[in-house]
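Take 2 as the starting number for the sequence shown in the working numbering and just add one per residue.
Glycine residues also receive a C-beta, built at the ideal position from the N, C-alpha and C atoms.
All figures in this text were calculated on a predicted structure; none of them were measured in a lab.
Notes for the one structure printed next.
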Amino acid sequence: MPRLLGVEDCKLLEFPVVHDPQGNLTFVEQKRHVPFGIARVYHLYDVPGGAVRGGHAHRECEEVLVAMAGSFEVVVDDGSEKKSVRLSRSHLGLYLPRMIWRELVDFSSGSVCMVLASAFYDEADYIRDYSEFQAAMAAA
Ligand code: TYD
2 MPRLLGVEDC KLLEFPVVHD PQGNLTFVEQ KRHVPFGIAR VYHLYDVPGG
52 AVRGGHAHRE CEEVLVAMAG SFEVVVDDGS EKKSVRLSRS HLGLYLPRMI
102 WRELVDFSSG SVCMVLASAF YDEADYIRDY SEFQAAMAAA
């Protein structure tokens, strides 16, 4: 089994930008601009002030989070270390390897978070209990 990645591996990815006075364009290609094949795309929007999203880890699914509009803070936690990254640019994505606990907080009004995911939705892939996550990381 490969080593589990930690918060230091939750890196910002920079996507290509085609600058144009008529408006910029950014694109994302799987396995080139994100380190996995994209199986699913979803987005969070109409998030009310003060809301907390996330609050879970994925056993296998890897994700990249992108602020398509507005901004929000992503707190990542690998069971021993935490860090916080504010996303506000649509040409930057935050890579979240498997087994990273994440919380999304402090959404600005009108913000939209797009998520590129390496797997289809599967509730069995979620760890939603923080003590279960800590125990799994301690055992790993
Ligand atoms: P969840 O992943 O817990 O949201 P967040 O991490 O943004 O707080 O998902 C919330 C609900 O939406 C949950 O009932 C599962 C459902 N859902 C799907 O049906 N398909 C999906 O692709 C996702 C991400 C969630």
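(1) When you compare only the Cα positions, how much space is there between Val18 and Phe28?
(2) Going by the CB atoms, is the gap between Ser72 and Ser110 shorter than 8 Å?
(3) Is Tyr46 near the ligand TYD, with its Cβ less than 7 Å from a heavy atom?
(4) Looking at the structure shown, is Asp47 part of a helix, part of a strand, or coil, going by DSSP?
(5) Given a cut-off of 8 Å, decide if Val76 and Val106 are closer than it, judged by their beta-carbon atoms.
(6) State the CB to CB distance for the pair Glu61 and Asp10, rounded to an integer number of angstroms; the pair is presumed to be in contact (CB under 8 Å).
(7) Measure the alpha-carbon distance for Arg137 versus Ala120 and round it to whole angstroms.
(8) Which residues in the same chain have their Cβ closer than 7 Å to the Cβ of Arg38, if we skip the five residues on either side of it in sequence?
(9) Any heavy atom of the ligand TYD closer than 7 Å to the Cβ of Arg99?
(10) Return yes when the Cβ of Val42 is within less than 8 Å of the Cβ of Pro117, no when it is not.
(11) Which first and last residues belong to the beta strand (DSSP E) in which Glu64 is found?
Working from what's here:
(1) As a first step, residue 18 is located in the sequence shown; it is residue number 17 there, counting from the start. As a first step, residue 28 is located in the sequence shown; it is residue number 27 there, counting from the start. Each residue's alpha carbon lies about 7 Å from the other.
(2) Reading the sequence shown from its first residue, position 109 is the one you call residue 110. Reading the sequence shown from its first residue, position 71 is the one you call residue 72. No, Cβ-Cβ distance for Ser110 and Ser72 is not below 8 Å.
(3) Within the sequence shown, the letter at position 45 stands for residue 46. Not one heavy atom of the ligand TYD lies closer than 7 Å to the C-beta of Tyr46.
(4) Your numbering for residue 47 matches position 46 in the sequence shown. The three-state reading of DSSP puts Asp47 in coil, since its state is none of H, G, I, E or B.
(5) Position 105 of the sequence shown holds residue 106. Position 75 of the sequence shown holds residue 76. A contact, by the Cβ cut-off of 8 Å.
(6) Your numbering for residue 61 matches position 60 in the sequence shown. Your numbering for residue 10 matches position 9 in the sequence shown. Contact between Glu61 and Asp10 is ruled out by a C-beta separation of about 16 Å, above the 8 Å threshold.
(7) Residue numbering aside, residue 137 sits at position 136 when the sequence shown is read from its first letter. Residue numbering aside, residue 120 sits at position 119 when the sequence shown is read from its first letter. Note on identity: in this sequence residue 137 is Ala, with Arg being the wrong assignment. Counting only the Cα atoms, Ala120 lies some 21 Å from Ala137.
(8) Taking the sequence shown and counting its residues from 1, the one referred to as residue 38 is at position 37. First, the amino acid is wrong: residue 38 is Gly here, not Arg. Only Gln31, Lys32, Ser119 meet the Cβ criterion.
(9) Here residue 99 refers to the residue found at position 98 of the sequence shown. It does not: the Cβ of Arg99 is nowhere closer than 7 Å to a heavy atom of the ligand TYD.
(10) Indexing the sequence shown from 1 puts residue 117 at position 116. Indexing the sequence shown from 1 puts residue 42 at position 41. Residue identity check: residue 117 is Leu in the sequence provided, not Pro. Yes, these two residues count as a Cβ contact at 8 Å.
(11) Locating residue 64 in the sequence shown gives position 63, where the first residue counts as 1. Segment 64–70, the beta strand (DSSP E) holding Glu64.
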